[in-house]
Structures are given as C-alpha cells and as structure tokens.
Amino acid sequence: MKLNTPIDLGRVIRDERKNRQWTQAVLAEKAGLLQKDISRIENDTAKVNLQTLLGICAVLEIQLSALRNDSGNVPSTTLGF
Numbered sequence: 002m003k004l005n006t007p008i009d010l011g012r013v014i015r016d017e018r019k020n021r022q023w024t025q026a027v028l029a030e031k032a033g034l035l036q037k038d039i040s041r042i043e044n045d046t047a048k049v050n051l052q053t054l055l056g057i058c059a060v061l062e063i064q065l066s067a068l069r070n071d072s073g074n075v076p077s078t079t080l081g082f
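This is how it looks when you write it as structure tokens:
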C-alpha cells in the first residue's frame with residue numbers, strides 16, 4: 002500500500018487494530034501511550050514523532066519500507082504485512 006498522507010498511515014493503524022479486535026485502549030497500553038494519543042493518530046489530529054509511529058507499527062507488526070519510484074527521484078513509502 003502506498004502512503005501519500007499521514008491519514009493514510011492512521012487508517013492502516015486503525016484497520017490493523019480492528020483486525021486484531023483491539024480497542025484503542027488496548028493498543029495504547031501495548032505501545033506505552035494513552036488512548037487519546039491513538040485516537041488522534043488514527044484521525045490525523047496529532048503531530049507524532051517517528052519513534053512513536055514506529056513503536057505502534059512494531060506492536061501491530063506493520064512493516065514500513067521506503068522505496069524510490071521508477072524515476073528514482075521522489076521517494077515513496079509502502080507497507081508490508
């Protein structure tokens with residue numbers, strides 16, 4: 002999946018959390034965050050540092066990869082599960 006905006010990553014996090022049938026509170030506890038932080042991330046209303054996002058992705062076993070597009074000039078981001 003290609004990510005174009007922060008909300009794209011928030012949706013991936015939300016979808017994977019729901020696939021696991023976890024509440025925001027469960028994910029927050031596992032990631033060492035507050036439930037309101039998870040809500041803000043999923044709804045793109047929080048400015049979050051990369052370490053926090055990588056921690057959430059680790060808990061959810063979401064793999065992030067940075068790849069160059071065909072032109073080799075503009076990087077894009079993909080997700081692998």
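Numbered by our numbering, the letters in the sequence shown go through residues 2 to 82 in order.
All C-beta atoms in this analysis are idealised placements derived from N, C-alpha and C, irrespective of residue type, glycine included.
Three-state secondary structure assigned by DSSP to LYS3: strand
Contact defined as beta carbons within less than 8 Å: I believe CYS58 pairs with LEU68. What is the distance between those atoms, to the nearest angstrom? 16 Å between Cβ atoms; not a contact.
Count the other C-beta atoms from every protein chain shown that fall within 10 angstroms of the C-beta of GLU62, then say buried if there are 16 or more, exposed otherwise. exposed
Expressed to the nearest angstrom, what Euclidean distance is found between the alpha-carbon atoms of THR24 and MET2? 23 Å
Tell me the residue span of the beta strand (DSSP E) that contains LEU65. Element bounds for LEU65: 64-69.
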